[in-house]
Amino acid sequence: MTDHRGDGSQVLQVGALARVEGEGGMRLEFRDGEVADVRLNIFEPPRFYEAFLRGRRFTEPPDITARICGICPVAYQTAACWALESICGVKVTDAIHTMRRLLYCGEWIESHALHIHLLHAPDFLGYDSAIEMAADHRAVVERGLRLKKAGNDLMTAVGGRAVHPVNVRVGGFYRMPDAAALRALKPTLEQALEDAFATIALVAGFDFPDFEQPYTYLALREPDRYAIESGSVVTTAGTAFPVAEFGRHIVEEHVAHSNALHAKLDGELYVVGPLARYTLNFAQLSPACRDAARAAGLGETCRNPFRSIVVRAVELAYAVEEALRIIDAWTDGAAPAVPVRPRAGEGCGASEAPRGTIFHRYVLDADGLITDAQIVPPTSQNQPSVEADLWTAARAWADLDDRTLTLRCEQTIRNYDPCISCATHFLDLEIVRS
Amino acid sequence: MAAATKPKLAVWKFASCDGCQLTLLNCEDELLAIADAVTIAYFPEATRAVVEGPCDLSLVEGSISTPEDAERIQHIREQSTLLVTIGACATAGGIQALRNVADVAEYASIVYAHPEYLSTLATSTPIRTHVFVDAELRGCPIDKGQLVELLAATLAGRAPRIPTYSVCVQCKARGVTCVAVAHSTPCLGPVTQAGCGALCPSVARGCYGCFGPQDSANMTGMTERLVAAGVPRADVVRLYRTFNAHAPAFRTESERLAASGPQGGRQP
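Residue numbers (this note's numbering), protein chains in the order written: chain X, 1 to 434; chain P, 1001 to 1268.
Given below as C-alpha cells:
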C-alpha cells in the first residue's frame, strides 16, 4: 500500500508479510525520492518464554522451548540440552550426539525444503504462492513436497513427531530408534538425494540481482564436519569463542517498533544462517555438494542474500547425504540417554537452526529449578541486517513501480527465512555481561 | 468444480508458534488436492494472495493475548460461516497462558528492556472465550490425520469424527506397554484427550498432556496416582501447567494443588 502524503513524502507499507513464519510488517519512507526510513515491524504478540521458564525444572526446556517455533523445534531442543547438560557436568555419548545430528538433519531437510519451494521460489518465478506455482510447475512443487515429507519422516522416525518431537530429553533420548526402522527410510532418502541435487540445479537458474553484503558472518564450526547440531563460534571478522562466552560478544537491544530484540556482535551488525555457514565452513561440505555448488555458480563464499536459496539447496543435499551416512553406519545397542543429576550453576548451548545460530543460557539452583533463562534466536540476530538490506534495496530500486518495489523488498526479507515467532520473546539487557 | 462454487478457506494466526498451520503444509500428500478443492482466501504463511471474505471455513491458530487481537477475532468470526480452532493455543490459551497465574508486568520486565513498547493483555485466553467456535482440534501441535478428517468432513458437509476419550484408549489399541503400570512412569494419559496416537508411551515416556484434558477427566484421581508414585506435588502442578495450563480441568486441579500447602504452593 502506498500513501502519498501532503508534505511530498511517500510511505510504502506492507501490513502483514506473507510467506514468512510469524507476524511482521514492513515500512519504507521516502522523502524527495530519497529513502528516509526503513522498518521491519514485528507485531507477533510477545509470549514471555524467558519469564515463565523461571521456576521450571531443568528437565523441561526441551519440551517448552520447542514451542517457540513449529518449524525449527529441534534447534531449540538441542541448544537447550547442550546448555543444561553443561550445567550438570554431563557429556553425552558419541552415539547420542550422532542421533541428535540425524534428528537435526530431518529438521534441515523439512525446513529448507519448505522455504525453498513454498516460501521463496514463488518470488523468483513470479507467483503469489507455491499453490499457484503448481498450476505451471507442478513437478517442481511435488518434488519440494516430497523433500519436505522426507525430512518430516526422518524427524518422526527419530523424534516421534515432526512438529515438537517427543523423544528428546536432557541427556539424550527416551528411546533410541532401532536400526531397522532407520534403514526403512533409505529409499525415501535416496529419492530425496536425487531431488535435492535437482533442486540445486533448478534454483541455480533463477535470476539474481547484483547485491553484495559487507556484513560479518557468524556460525558454529566443528573440526571435522559441517556444523549442524553443535560447534564453537567463528566469524568472518576473525573472532572465535566458545559458546559459553556468547554473552560477552552478543548484546541485544529493545527497539520501539519491534517485539523482537535486535542483536549486535561486539557492537556491529552481523548475519547468521546458510550464507554464514557456507562462507565459513565451505571446506567441510562433501565433495559432491561442493561440486554442485560450483556448478550452480557459487564460489567458496557467498555474499548475495538473494542467492541464499541456492545455498539452502546445497545444505539440503548435504543434510540428506549426512542422514544416509549416519543411517548406514548405525548399529543397535547404544543407551538412549545418560543419567543427569541437577546441580547449581550456569550454562550455555548453541546449535545451527536452519535459519541460523541459536543460543540458550540457563541458571539452575541446587534443586534443579531454573532461576534465569536467555534465548537468542537467529531472527533477532539477523533483524538489523534485514533492515540494512532493505535500506540498500530501497535505494537501489527506488525508481521501480510500487508493486515491483514491494515484491523486491518482500523478497529481501524472505532471503533470511525469518522466523518471527522465534524472534518475539526476548531477553533482559540487565543480564547481559559485557 | 467451478472456482466460484469452491468453498473458501482461511487460516488465521494469533499468539502461537505456527506449528499447527505448518501441520496443514505438512499434509504433503494431500496439500495440492486440498488446494484444488477449496479457494484459499487467506493463508499468509503460504500465499500473498488475499480473496475477499466471507469465508466458508476459518481455521484459527493461536491465543488472544493483545487488545488488537481481541478485536481482530470478532471481525474474523463475523466473516466466517464455520470457525474451527486448531491447537492448544487456540483451544486453551497455550503455554503463554502461564501468565494467567503470574504477574504479566513482571514477565514483561524480565524479558524486555522497555515494557512500555509492548501492547499486551494480562491473560492469554482461548478463542472460545471471545467468540463462538464451531469445532476444535486439540494438540500441541494438532494431529495431521485429525486435520485432514476435519477438512474432508467439512467439504462433505458432515461432522468430523474427533474422539474425546483418553490417550489410554489409543495406547491400548496400539498395543503399547503401559508406562505407568509397567515402569511407574508418571503419565497423564488417563486424563488427556486422544488424538496424537499415544506418541509418548510409544517412546517409553509418560504422556505430558499436550492434547489437553479429555471430556471426563478424573483429575483428583490422577493427582493421587502421581503422588503415590512419588511425584512431588510441585512437579504435579507443573505437569498440569504446560501447554494446556488454562484448560478448565487442568487449571482447576493445579490451582487446588497450588493452594493446598507449602509444598504444593511452590511456583509455578
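Note that the Cβ used here is the ideal one computed from N, Cα and C, for glycine as well.
For the segment 1008-1020 of chain P, which residues have a beta carbon sitting closer than 9 Å to at least one beta carbon of chain C? Of the protein chains in this structure, namely X and P, none is chain C.
Is the number of C-beta pairs between the segment 127-145 of chain X and the segment 1162-1182 of chain P that are closer than 8 Å three or more? no
Under 7 Å, Cβ to Cβ, is there at least one residue of chain X near residue 1265(P)? Numbered from 1 along the second sequence, position 265 holds the residue referred to as residue 1265(P). Residue placement at residue 1265(P) is flagged as unreliable, the pLDDT there being 40, under the threshold of 50; the coordinate-derived value follows with that caveat. With 7 Å as the cut-off, residue 1265(P) does not count as an interface residue toward chain X.
Are the C-beta of residue 1260(P) and some C-beta of chain X separated by less than 7 Å? In the second sequence, residue 1260(P) corresponds to position 260, counting from 1. When Cβ-Cβ separations below 7 Å define contact, residue 1260(P) makes no contact with chain X.
Per DSSP, residue 41(X) is paired with what? For the purposes of this step, residue 41(X) is taken as residue 41 along the first sequence, with counting starting at 1. According to DSSP, which records beta bridges pairwise, residue 41(X) is partnered with 25(X).
Beta-carbon separation (whole angstroms), residue 171(X) vs residue 92(X), contact threshold 8 Å: For this step, residue 171(X) is matched to residue 171 along the first sequence. For this step, residue 92(X) is matched to residue 92 along the first sequence. That pair is a contact at about 7 Å.
Name the residues in the segment 1060-1078 of chain P whose C-beta lies less than 7 Å from a C-beta of chain X; which are they? 1065, 1066, 1069
Taking a contact to mean a Cβ-Cβ separation below 7 Å, would you say residue 1148(P) touches residue 1255(P) in this structure? Reading the second sequence from its first residue, position 148 is the one you call residue 1148(P). Reading the second sequence from its first residue, position 255 is the one you call residue 1255(P). Their beta carbons are not under 7 Å apart, which means residue 1148(P) does not touch residue 1255(P) by this criterion.
Closer than 7 Å by C-beta to residue 1169(P): which residues in its own chain qualify, once you throw out the five before and the five after it? Chain order, please. Here residue 1169(P) refers to the residue found at position 169 of the second sequence. For residue 1169(P), where only same-chain residues beyond five positions count, the Cβ hits under 7 Å are 1194.
How close, in whole Å, do the beta carbons of residue 361(X) and residue 346(X) come, if the pair is a contact with beta carbons under 8 Å? Taking the first sequence and counting its residues from 1, one reaches residue 361(X) at position 361. Taking the first sequence and counting its residues from 1, one reaches residue 346(X) at position 346. That belief holds up - the Cβ atoms of residue 361(X) and residue 346(X) are roughly 7 Å apart, short of 8 Å.
Neighbour flag for residue 167(X) against chain P, beta carbons, 7 Å: Mapped onto the first sequence, residue 167(X) falls at position 167. True, the Cβ-Cβ gap to chain P drops below 7 Å.
Residue 1116(P): CB within 6 Å of a non-hydrogen atom of the ligand GTP: The ligand GTP is not part of the structure shown, which contains no ligands of any sort.
Where are the alpha helix (DSSP H) runs, 4 residues long or more, that stay fully inside the segment 288-339 of chain X, in chain order? 308-329
Going straight from the alpha carbon of residue 1138(P) to that of residue 1123(P), what length do you get? Sequence index remark: in the second sequence, residue 1138(P) carries index 138 (1-based). Sequence index remark: in the second sequence, residue 1123(P) carries index 123 (1-based). So the two alpha carbons sit approximately 20 Å from each other.
Looking only at DSSP bridge pairs, what is residue 1057(P) linked to? Here residue 1057(P) refers to the residue found at position 57 when the second sequence is read from its first residue. BP columns for residue 1057(P) point to 1009(P), 1082(P).
Between residue 178(X) and chain P, is the shortest Cβ-Cβ distance under 7 Å, so that the two count as touching? If you number the first sequence from 1, residue 178(X) lands on position 178. Chain P, which has no Cβ nearer than 7 Å to the Cβ of residue 178(X), makes this no.
Measure the Cβ-Cβ separation of residue 1061(P) and residue 1086(P) and say whether it is below 7 Å. Locating residue 1061(P) in the second sequence gives position 61, counting from the first residue. Locating residue 1086(P) in the second sequence gives position 86, counting from the first residue. A contact, by the Cβ cut-off of 7 Å.
Listed by chain order, chain P residues near residue 175(X) by CB distance under 9 Å: Working through the first sequence from its first residue, we reach residue 175(X) at position 175. Correct list: 1202, 1203, 1204, 1205.
Within 7 Å of any Cβ in chain P, is that where the Cβ of residue 316(X) sits? Against the first sequence, residue 316(X) aligns to sequence position 316. False, the Cβ-Cβ gap to chain P never drops below 7 Å.
Taking residue 1148(P) as part of the beta strand (DSSP E), name the residues at either end of that continuous run. Stepping through the second sequence from its first residue, residue 1148(P) is reached at position 148. Annotation: residue 1148(P) is outside any beta strand (DSSP E); the continuous alpha helix (DSSP H) that includes it extends over 1144-1156.
Where does residue 1017(P) sit, in a helix, a strand or coil, going by DSSP? Counted from its first residue, the second sequence places residue 1017(P) at position 17. DSSP, reduced to helix, strand and coil, places residue 1017(P) outside both helices and strands of the structure shown, so it counts as coil.
Return no unless some Cβ of chain P is closer than 7 Å to the Cβ of residue 148(X). By 1-based counting over the first sequence, the position of residue 148(X) is 148. It does; some Cβ of chain P falls within 7 Å.
May I ask which residues mark the beginning and end of the beta strand (DSSP E) holding residue 1169(P)? Numbered from its first residue, the second sequence carries residue 1169(P) at position 169. Premise fails: residue 1169(P) lies in the alpha helix (DSSP H), 1167-1174, not in any beta strand (DSSP E).
For residue 1183(P), which of helix, strand or coil comes out of DSSP? Numbered from 1 along the second sequence, position 183 holds the residue referred to as residue 1183(P). If DSSP states are grouped into helix, strand and coil, residue 1183(P) belongs with the helices.
Those runs of the beta strand (DSSP E) which lie wholly inside the segment 191-278 of chain X and span at least 3 residues: 216-221, 232-235, 250-253, 262-265
In chain order, which alpha helix (DSSP H) runs of at least 4 residues are fully inside the segment 1076-1140 of chain P? Correct list: 1088-1092, 1104-1111.
Quick one: list the residues of chain X neighbouring residue 1024(P), beta-carbon separation under 9 Å, in chain order. Residue mapping note: residue 1024(P) aligns to position 24 of the second sequence, counting from 1. Per Cβ cutoff of 9 Å: no residues; residue 1024(P) is ~11 Å from chain X at best.
Whole angstroms is fine: what's the gap from residue 433(X)'s alpha carbon to residue 69(X)'s? Here residue 433(X) corresponds to residue number 433 of the first sequence, with the count starting at 1. Here residue 69(X) corresponds to residue number 69 of the first sequence, with the count starting at 1. Unreliable positioning characterises residue 433(X) in this predicted model, as indicated by a pLDDT of 24, which lies under 50. A coordinate reading is not provided.
Residue of 107(X), 101(X), 130(X), 109(X) minimising C-alpha distance to residue 1035(P): Locating residue 1035(P) in the second sequence gives position 35, where the first residue counts as 1. Of the listed residues, the one whose Cα sits closest to residue 1035(P) is 130(X).
Could you check what DSSP says for residue 359(X) in three-state terms: helix, strand or coil? Locating residue 359(X) in the first sequence gives position 359, counting from the first residue. Look at residue 359(X) here: in three-state DSSP terms it is strand.
Roughly how many angstroms separate the alpha carbons of residue 1009(P) and residue 203(X), rounded to a whole number? Residue mapping note: residue 1009(P) aligns to position 9 of the second sequence, counting from 1. Residue mapping note: residue 203(X) aligns to position 203 of the first sequence, counting from 1. Cα to Cα, residue 1009(P) sits roughly 30 Å from residue 203(X).
CB contact below 7 Å: residue 1003(P) versus chain X: Along the second sequence, read from residue 1 onward, the residue named residue 1003(P) stands at position 3. With a pLDDT of only 48 at residue 1003(P), under 50, the local geometry of the prediction cannot be trusted, and the value read off the model is given with reservation. Chain X, which has no Cβ nearer than 7 Å to the Cβ of residue 1003(P), makes this no.
Residue 372(X) - partner residues in DSSP beta bridges: Along the first sequence, read from residue 1 onward, the residue named residue 372(X) stands at position 372. 363(X).
Quick one: using the 10 Å Cβ neighbour count with 16 as the cut-off for buried, is residue 1213(P) buried or exposed? As a first step, residue 1213(P) is located in the second sequence; it is residue number 213 there, counting from the start. Around the beta carbon of residue 1213(P), a 10 Å sphere encloses 16 or more other beta carbons of the protein chains shown; the residue is thus reported as buried.
Which ranges would you report for the alpha helix (DSSP H) in the segment 1203-1236 of chain P if only whole runs of at least 4 residues count? 1219-1228
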